[in-house]
């Protein structure tokens with residue numbers, strides 16, 4: 017018997033908005049979880065999947081993807097790439113696998129909720145596949161990371177991190193809780209599928225794969241791109257939703273969801289991809305700078321989609337363009353000097369040659385961030401290692417959970433030095449909240465009740481949640497003594513500065 | 002350096018570098034005859050771009066490779082694309098809107 021082609025049966029099988037017999041419609045699809053915008057179900061039923069796939073086709077394709085990714089891993093396992101990799105690449109792998117593995121499971125949960133509560137049958141189809149995709153992403157990255165544990169226990173944190181109160185994990189979890197877990201199905205999809213996945217995943221999973229391929233880590237490169245082929249499909253959920261919202265008089269709400277989601281996730285990728293691409297990738301393997309990748313994938317490709325859908329670029333776009341060139345440089349300094357609060361072995365990546373590259377990609381780097389590193393370098397050369405670690409904790413943003421920073425060498429002069437770090441604070445119901453930027457503060461002001469109960473890691477120190485004593489902070493964050501980061505190069509990275517010093521001595 | 006949207010309305014797939022990507026490029030040249038096809042090669046991926054609309058037909062890709070090519074074969078090697086996607090029975094269209 018001849019089988020029908022998919023396009024001949026697809027629309028019929030998608031019509032799954034049956035009339036409930038045992039409960040009423042509102043009990044089946046509570047507005048708070050399904051549609052707080054009050055759009056008629058007939059409108060949601062116009063959702064037409066831009067990227068259609070049948071379950072049979074999906075299973076076959078996913079099987080082939082897994083065969084491809086695991087085969088490459090298996091074939092290259094004997095090459096002992098990891099054992100021979102430099103501290104640069106090991107730090108990069110640790111930074112990728114530790115937070116991202118569990119973040120994929122967050123997304124699986126979010127997709128499952130979209131599958132259950134969306135009133136659009138086509139969206140439920142796509143979200144079903146998205147749920148399975150994200151489970152695959154969590155599993156494959158956990159599996160690949162665990163392969164390294166026999167060489168380096170740092171990779172235990174691929175799983176462990178999600179169960180800790182480490183400050184980096186608190187930062188990421190807060191962002192994911194906000195956009196994925198505490199919204200209705202439509203809002204979560206616009207924020208997750210459009211702002212997050214269409215906006216930023218290309219950066220880490222394709223941009224970084226280019227670096228990995230140049231570095232010879234074909235296992236990592238193949239895995240990254242294999243994951244992104246799923247993202248390219250299920251990230252399309254957001255576009256029909258935005259169109260339906262606009263057509264039904266909800267453009268302002270759609271715009272706000274994009275603006276909030278985009279900013280929250282940018283902060284995460286700024287630190288993750290920014291440090292990975294501009295610092296942890298060995299110099300000779302860098303395909304592009306973060307700024308260049310951002311312009312390729314976000315400022316051009318994604319921005320065009322925002323405008324083509326009838327939305328506007330986020331109101332903070334100019335600020336965002338400035339942030340692309342600045343924020344991650346400050347975060348890299350913070351990550352290195354507060355290295356004991358991280359579970360991997362952070363590296364500085366500011367050898368003379370690397371500084372030349374940074375100056376070329378970010379003109380003015382030496383006169384700004386370079387000055388901070390000069391202090392660190394001088395302390396190391398003088399053997400004052402204790403002065404490379406600050407005694408006081410940083411000011412942490414009450415929205416993104418990252419350090420409040422600025423650009424050295426600019427701004428107001430204090431004690432002969434210039435630093436433009438600004439605390440965008442807000443007093444609300446008896447307490448002061450601190451923010452790293454105007455957009456982070458703006459997000460809070462939109463819905464104070466949503467955010468005011470969250471406590472940053474510093475809030476927890478001040479209110480006594482973190483136990484006192486020299487080890488209390490680390491114990492709270494789940495870090496035994498052996499799990500506290502130390503310089504990945506044991507300070508040997510400053511050797512590159514010695515020839516000029518020797519020349520000066522002569 | 003780009004400013005937002007300065008690539009105009011160029012749309013099309015981003016393919017993982019390799020045999021399928023090469024075949025897709027040749028197929029797109031054939032299926033979009035008379036129109037300029039722009040390519041941009043990176044270490045692990047290649048961008049293929051056509052103004053406003055880019056048509057990709059599975060059968061043409063198969064002709065280039067000498068074997069049957071399915072939607073899944075394309076998906077497995079396409080981690081991203083520029084523009085908006087429309088899957089069709091015999092291929093994929095990428096459109097500016």
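Chains as they are written, first to last, in our numbering: chain A, 17 to 522; chain B, 2 to 98. Virtual Cβ for every residue (Gly too), placed ideally from N, Cα, C.
- Message: Give me the residue from A:418, A:424, A:359, A:77 with the minimum Cα distance to residue 389 of chain A.
- Response: Mapped onto the first chain, residue 389 of chain A falls at position 373. Residue A:424 is the option with its Cα nearest to residue 389 of chain A.
- Task: Label residue 31 of chain A either buried or exposed according to how many other C-beta atoms from any shown protein chain fall within 10 Å of its C-beta, with 16 as the threshold for buried.
- Result: Reading the first chain from its first residue, position 15 is the one you call residue 31 of chain A. Sixteen is the threshold: since fewer than 16 other Cβ atoms of the shown chains lie within 10 Å of the Cβ of residue 31 of chain A, the residue is exposed.
- Query: Helix, strand or coil: how does DSSP classify residue 503 of chain A here?
  - Reply: Here residue 503 of chain A corresponds to residue number 487 of the first chain, with the count starting at 1. Reduced to three states, the DSSP call for residue 503 of chain A is coil.
- Query: Is the number of C-beta pairs between the segment 11-25 of chain B and the segment 407-423 of chain A that are closer than 8 angstroms three or more?
  - Reply: no
- Item | Exposure label - residue 2 of chain B; buried when at least 16 CB within 10 Å | Against the second chain, residue 2 of chain B aligns to sequence position 1. Unreliable placement is indicated for residue 2 of chain B, whose pLDDT of 45 sits below 50; the coordinate value is still reported in the next sentence. Result: exposed.
- If we ignore side chains and look at the alpha-carbon of each, how far apart do residue 93 of chain A and residue 102 of chain A end up? Reading the first chain from its first residue, position 77 is the one you call residue 93 of chain A. Reading the first chain from its first residue, position 86 is the one you call residue 102 of chain A. Cα-Cα distance, rounded: 17 angstroms.
- residue 200 of chain A burial status per 10 Å Cβ neighbour count (16 or more: buried): To locate residue 200 of chain A, count along the first chain from 1; it is residue 184. With 16 or more Cβ atoms within 10 Å of its Cβ, residue 200 of chain A is classed as buried.
- So, is residue 91 of chain A buried or exposed, given that buried needs 16 or more other C-beta atoms within 10 angstroms? Stepping through the first chain from its first residue, residue 91 of chain A is reached at position 75. The residue in question, residue 91 of chain A, is exposed, as its Cβ has fewer than 16 Cβ neighbours within 10 Å.
- Beta-carbon separation of residue 2 of chain A and residue 147 of chain A under 7 angstroms? Since the first residue shown for chain A is 17 and the last is 522, residue 2 of chain A is missing from the structure and cannot be characterised.
- Message: My output table needs one value for residue 381 of chain A: the three-state DSSP class, helix, strand or coil.
- Response: On the first chain, residue 381 of chain A is found 365 positions in, with the first residue counted as 1. The answer is coil: DSSP assigns residue 381 of chain A none of H, G, I, E or B.
- Item | C-alpha distance - residue 113 of chain A paired with residue 24 of chain B, whole-angstrom precision | Working through the first chain from its first residue, we reach residue 113 of chain A at position 97. Working through the second chain from its first residue, we reach residue 24 of chain B at position 23. If you take the alpha carbons of residue 113 of chain A and residue 24 of chain B, they lie about 33 angstroms apart.
- Item | Candidates A:397, A:175, A:107, of which the one nearest residue 494 of chain A by Cα | Against the first chain, residue 494 of chain A aligns to sequence position 478. Between residue 494 of chain A and the set A:397, A:175, A:107, the nearest pair of CA atoms involves A:175.
- Message: What are the residues in the segment 33-49 of chain B lying within 7 angstroms of chain A by C-beta distance?
- Response: 43, 44, 45, 46
- Roughly how many angstroms separate the alpha carbons of residue 472 of chain A and residue 90 of chain B, rounded to a whole number? What you label residue 472 of chain A is simply residue 456 of the first chain in a count that begins at 1. What you label residue 90 of chain B is simply residue 89 of the second chain in a count that begins at 1. Whole-angstrom Cα-Cα distance: 51 angstroms.
- Query: For residue 412 of chain A, which residues does DSSP report across the bridge?
  - Reply: The residue you call residue 412 of chain A lines up with position 396 of the first chain. Per DSSP, A:419.
- Message: Using a Cβ-Cβ cutoff of less than 6 angstroms, which residues in the same chain neighbour residue 476 of chain A once the five nearest sequence positions on both sides are dropped?
- Response: Stepping through the first chain from its first residue, residue 476 of chain A is reached at position 460. For residue 476 of chain A, where only same-chain residues beyond five positions count, the Cβ hits under 6 angstroms are 482.
- Would you mind sorting residue 166 of chain A into buried or exposed? The rule is 16 or more other CB atoms within 10 Å of its CB. Residue numbering aside, residue 166 of chain A sits at position 150 when the first chain is read from its first letter. So residue 166 of chain A ends up on the exposed side.
- Cβ pair residue 504 of chain A, residue 349 of chain A closer than 7 angstroms: Along the first chain, read from residue 1 onward, the residue named residue 504 of chain A stands at position 488. Along the first chain, read from residue 1 onward, the residue named residue 349 of chain A stands at position 333. No, the pair does not count as a contact, with Cβ atoms beyond the cut-off.
- Task: Please check the pair residue 82 of chain B and residue 39 of chain B, which I expect to be a contact at CB under 8 angstroms, by giving their CB distance rounded to whole angstroms.
- Result: Against the second chain, residue 82 of chain B aligns to sequence position 81. Against the second chain, residue 39 of chain B aligns to sequence position 38. Contact flag wrong, Cβ pair sits at about 14 angstroms.
- Report the rounded CA-to-CA distance for residue 453 of chain A versus residue 339 of chain A, giving the unit in angstroms. If you number the first chain from 1, residue 453 of chain A lands on position 437. If you number the first chain from 1, residue 339 of chain A lands on position 323. Roughly 10 angstroms between the two C-alpha positions.
- Message: Taking CB distances under 7 angstroms as the criterion, tell me whether residue 202 of chain A reaches chain B.
- Response: Counted from its first residue, the first chain places residue 202 of chain A at position 186. Output row for residue 202 of chain A: interface = no.
- Item | Cα-Cα separation, residue 309 of chain A to residue 223 of chain A | By one-based count along the first chain, residue 309 of chain A stands at place 293. By one-based count along the first chain, residue 223 of chain A stands at place 207. Between residue 309 of chain A and residue 223 of chain A, the C-alpha separation is close to 7 angstroms.
- Task: Could you tell me the boundaries of the beta strand (DSSP E) in which residue 103 of chain A lies?
- Result: To locate residue 103 of chain A, count along the first chain from 1; it is residue 87. Taken as a continuous stretch (DSSP letters only), residue 103 of chain A belongs to no beta strand (DSSP E), being part of the alpha helix (DSSP H) at 103-133.
- Name the two residues that bound the continuous alpha helix (DSSP H) containing residue 77 of chain A. Start at 1 with the first residue of the first chain, and residue 77 of chain A comes out as number 61. It spans 71-92 - the alpha helix (DSSP H) in which residue 77 of chain A sits, taken as one unbroken run.
- Check the Cβ of residue 61 of chain B against every Cβ in chain A and list those closer than 8 angstroms, keeping chain order. Within the second chain, numbered from 1, the residue matching residue 61 of chain B stands at position 60. Simply none; closest approach about 19 angstroms.
- Task: May I have a chain-ordered list of the beta strand (DSSP E) segments no shorter than 3 residues that lie completely inside the segment 271-357 of chain A?
- Result: none
- Query: Whose CA, out of A:236, A:215, A:242, A:221, lies closest to the CA of residue 255 of chain A?
  - Reply: Mapped onto the first chain, residue 255 of chain A falls at position 239. Closest option to residue 255 of chain A, Cα to Cα, is A:215.
- Same chain, Cβ closer than 6 angstroms to residue 352 of chain A, five either side skipped, listed in chain order: The residue you call residue 352 of chain A lines up with position 336 of the first chain. 362, 364, listed in sequence order.
- Item | Three CB pairs or more closer than 8 angstroms across the segment 45-62 of chain A and the segment 129-138 of chain A | yes
- Comparing the C-beta of residue 344 of chain A with each C-beta of chain B, is any distance below 7 angstroms? For the purposes of this step, residue 344 of chain A is identified with residue 328 of the first chain, where counting begins at 1. False, the Cβ-Cβ gap to chain B never drops below 7 angstroms.
- Measure from the C-beta of residue 75 of chain B to each C-beta in chain A and report whether the shortest distance is under 7 angstroms. Position 74 of the second chain, counted from the first residue, corresponds to residue 75 of chain B. No - not a single Cβ of chain A is within 7 angstroms of the one on residue 75 of chain B.
- Taking the continuous alpha helix (DSSP H) assigned at residue 367 of chain A, which residues delimit it? Counted from its first residue, the first chain places residue 367 of chain A at position 351. Run containing residue 367 of chain A: none; DSSP gives neither H nor E here.
- Message: Taking a contact to mean a Cβ-Cβ separation below 7 angstroms, would you say residue 292 of chain A touches residue 343 of chain A in this structure?
- Response: Residue numbering aside, residue 292 of chain A sits at position 276 when the first chain is read from its first letter. Residue numbering aside, residue 343 of chain A sits at position 327 when the first chain is read from its first letter. Taking 7 angstroms as the Cβ cut-off, residue 292 of chain A and residue 343 of chain A do not qualify as a contacting pair.
- Query: To the nearest angstrom, how far is it from the Cα of residue 418 of chain A to the Cα of residue 439 of chain A?
  - Reply: Against the first chain, residue 418 of chain A aligns to sequence position 402. Against the first chain, residue 439 of chain A aligns to sequence position 423. Computed Cα separation, rounded: 12 angstroms.
- Cut-off 7 angstroms between Cβ atoms - residues of its own chain near residue 71 of chain B, not counting five sequence neighbours on either side: As a first step, residue 71 of chain B is located in the second chain; it is residue number 70 there, counting from the start. 59.
- Close Cβ partners of residue 36 of chain A (< 7 angstroms) along its chain, the five nearest in sequence each way excluded: Position 20 of the first chain holds residue 36 of chain A. Here the set comprises 44.
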